[in-house]
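Chemist: I have a structure here, written as structure tokens, and I will follow up with some questions on it.
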Amino acid sequence: MGKRIHWIDAAKGLGIILVIMSHAPMNPELRAFLFAFHMPLFFYLSGVVFKPSRQAPLTFVKKKARGLLLPYFIFSAITYVTWFVLFRHLPFTPGENVDPIHPFTGIFLSTPENYQLTYNPAIWFLTCLFLVELLFFFYYRLSRGKWIGLFLLTAAILGYGSTFLQFALPWNGFVALTAVVFYGLGFLTKTFWKTYSWKIVAPITVSFFSLMYIIQSFNERIDMRGNILGEAYLFYPAAILGMIAFLMLIQKLQHTKGLLYLGSNSIIVLLVHMPVLNLVKAMMHYGFGVNLDTANTLPWTLLFTGLTLLLTIPFIVFFNKHPWFLGKKETNKKTKMRTPQVSFREKSYPKSI
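Using UniProt numbering, you'd call the opening residue of the sequence shown number 1 and step up by one each time.
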């Protein structure tokens with residue numbers, strides 16, 4: 001298994017915090033800002049860790065199925081049961097008016113239509129990433145790594161064209177066409193990132209995020225899960241500007257222990273944070289009488305995010321002790337959690353999210 005690279009883990013750590021924030025009660029403008037780049041970012045980071053290999057296609061498919069589909073189905077079953085028994089009865093979640101058969105079929109179809117993923121909306125990423133991984137792997141294998149730019153441009157055109165269709169493919173197949181663009185960009189540009197001084201990072205980060213905000217303000221709110229991209233000439237520049245700003249900033253934060261911890265466990269946080277967030281909402285609503293419709297200012301958003309992160313830690317500890325839930329093999333408990341940083345020259349990359 002490859003040694004972990006700090007900046008990638010830190011990027012996933014901060015990225016998963018932004019994902020939780022975007023699902024918490026939040027000001028609509030800030031939510032639109034985060035949605036403009038945070039999911040493209042995760043597909044990009046997954047592409048960074050793609051390694052061309054000579055393994056048989058069937059072996060590759062089995063590996064990705066074990067690491068992505070197995071946890072998807074396990075956690076879909078678990079969270080569907082918790083939704084059916086508890087969360088669908090809460091007033092701030094779509095539930096009692098939803099036919100339970102739709103979310104049940106959503107376990108197998110993994111699309112946002114008819115509340116199919118209302119039991120755990122964030123889990124769509126795993127099935128979509130599985131398709132993206134296969135799409136890029138087989139293209140790379142057949143083309144021998146040639147004409148990747150043309151492949152990504154074609155995928156972008158087809159992906160944008162699919163937004164005009166009135167139906168969705170299982171496992172967000174249409175979304176995978178857009179997502180593979182960012183995945184491929186991650187693979188092509190993974191060696192570009194370097195650490196610069198704050199004199200360079202600060203103005204570029206502020207400028208690029210500001211420009212992204214301006215561009216996004218002319219577009220509708222992005223929702224990759226729903227294949228809602230708005231205008232392509234606005235979506236792609238905004239997403240790329242946001243990712244550049246984010247990744248330049250993360251080079252300065254790559255040794256932050258909290259981000260490294262969350263990043264190395266980002267798949268667990270992704271899988272459990274929505275039910276945990278609903279639990280936090282219930283606690284605030286019933287325990288403290290908080291009106292969730294008005295508790296959407298930044299302090300409230302940070303409070304909901306912080307509490308959700310705290311409550312995910314026991315899940316991180318548990319699932320690290322039982323990694324088979326995540327499609328991983330049992331590891332030696334004496335293995336140290338911290339691993340030395342590796343340079344790109346060693347060409348050793350961690351597993352994708």
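Backbone N, C-alpha and C define an ideal beta-carbon position, used for all residues, glycine too. Being a predicted model, the structure only gives us computed values, none of them experimental.
Which ranges does the alpha helix (DSSP H) cover as unbroken runs of at least 4 residues, wholly within the segment 4-77, from first to last along the chain?
Modeler: List check, alpha helix (DSSP H) in window: 6-23, 28-35, 38-48 and 57-64.
Chemist: Using the C-alpha atoms, what's the distance from residue 168 back to residue 117?
Modeler: Each residue's alpha carbon lies about 13 Å from the other.
Chemist: Do residue 273 and residue 312 count as a contact pair if the criterion is CB distance below 7 Å?
Modeler: Yes, these two residues count as a Cβ contact at 7 Å.
Chemist: Please report how far the alpha carbon of residue 292 lies from the alpha carbon of residue 302, in whole angstroms.
Modeler: Their Cα atoms are separated by approximately 14 Å.
Chemist: Is it true that the CB of residue 185 sits closer than 7 Å to the CB of residue 44?
Modeler: Yes, the Cβ-Cβ distance between residue 44 and residue 185 is below 7 Å.
Chemist: With a cut-off of 8 Å on the beta carbons, I'd call residue 135 and residue 68 a contact; round off their distance for me.
Modeler: Not really, about 13 Å apart at Cβ, beyond 8 Å.
Chemist: If we ignore side chains and look at the alpha-carbon of each, how far apart do residue 199 and residue 39 end up?
Modeler: Near 28 Å, if we compare the C-alpha coordinates of residue 39 and residue 199.
Chemist: What does DSSP give as the partner residue(s) for residue 223 in the beta ladder?
Modeler: Looking at the DSSP assignment, residue 223 forms a beta bridge with 228.
Chemist: Rounded to a whole number of angstroms, what is the C-alpha to C-alpha distance between residue 262 and residue 100?
Modeler: Cα to Cα, residue 262 sits roughly 33 Å from residue 100.
Chemist: For a test of the three-state rule: what should DSSP assign to residue 299, helix, strand or coil?
Modeler: It is helical.
Chemist: Of the choices 13, 15, 21 and 17, whose alpha-carbon is the least far from that of residue 297?
Modeler: Minimum Cα distance to residue 297 is reached at 21.
Chemist: Where do the ends of the alpha helix (DSSP H) carrying residue 160 lie?
Modeler: Counting along the chain, the alpha helix (DSSP H) containing residue 160 begins and ends at 148-162.
Chemist: What's the C-alpha gap between residue 248 and residue 48?
Modeler: Cα to Cα, the separation comes out at about 15 Å.
Chemist: Along the chain, where does the alpha helix (DSSP H) that runs through residue 211 open and close?
Modeler: Start and end: 198-217.
Chemist: Here's a check: name, in chain order, each residue in its chain whose Cβ is nearer than 7 Å to the Cβ of residue 12, leaving out the five neighbours to either side.
Modeler: Cβ neighbours of residue 12 beyond the five flanking positions: 45, 263, 266 and 353.
Chemist: Could you tell me the distance, in whole angstroms, from the CA atom of residue 15 to the CA atom of residue 34?
Modeler: Their Cα atoms are separated by approximately 10 Å.
Chemist: Look at the alpha carbon of residue 197 and the alpha carbon of residue 251, and state the distance between them as a whole number of angstroms.
Modeler: If you take the alpha carbons of residue 197 and residue 251, they lie about 10 Å apart.
Chemist: Express the C-alpha separation of residue 96 and residue 287 in angstroms, rounding to a whole number.
Modeler: So the alpha carbons of these two residues sit roughly 22 Å apart.
Chemist: Since residue 277 contacts residue 304 with CB under 8 Å, what's their CB separation in whole angstroms?
Modeler: Confirmed, about 7 Å.
Chemist: Does the CB of residue 28 have a neighbour CB from chain D at under 7 Å?
Modeler: In the displayed structure, chain D is absent; only one protein chain is listed.
Chemist: Could you check how far apart the C-beta atoms of residue 181 and residue 145 are, in whole angstroms? I think they sit under 8 Å.
Modeler: Not a contact, Cβ separation roughly 17 Å.
Chemist: What does the alpha-carbon distance come out to for the pair residue 42 and residue 212?
Modeler: Distance between the alpha carbons of residue 42 and residue 212: 17 Å.
Chemist: Can you tell me where the alpha helix (DSSP H) with residue 123 in it begins and where it stops?
Modeler: First-last for residue 123: undefined, no H or E at that position.
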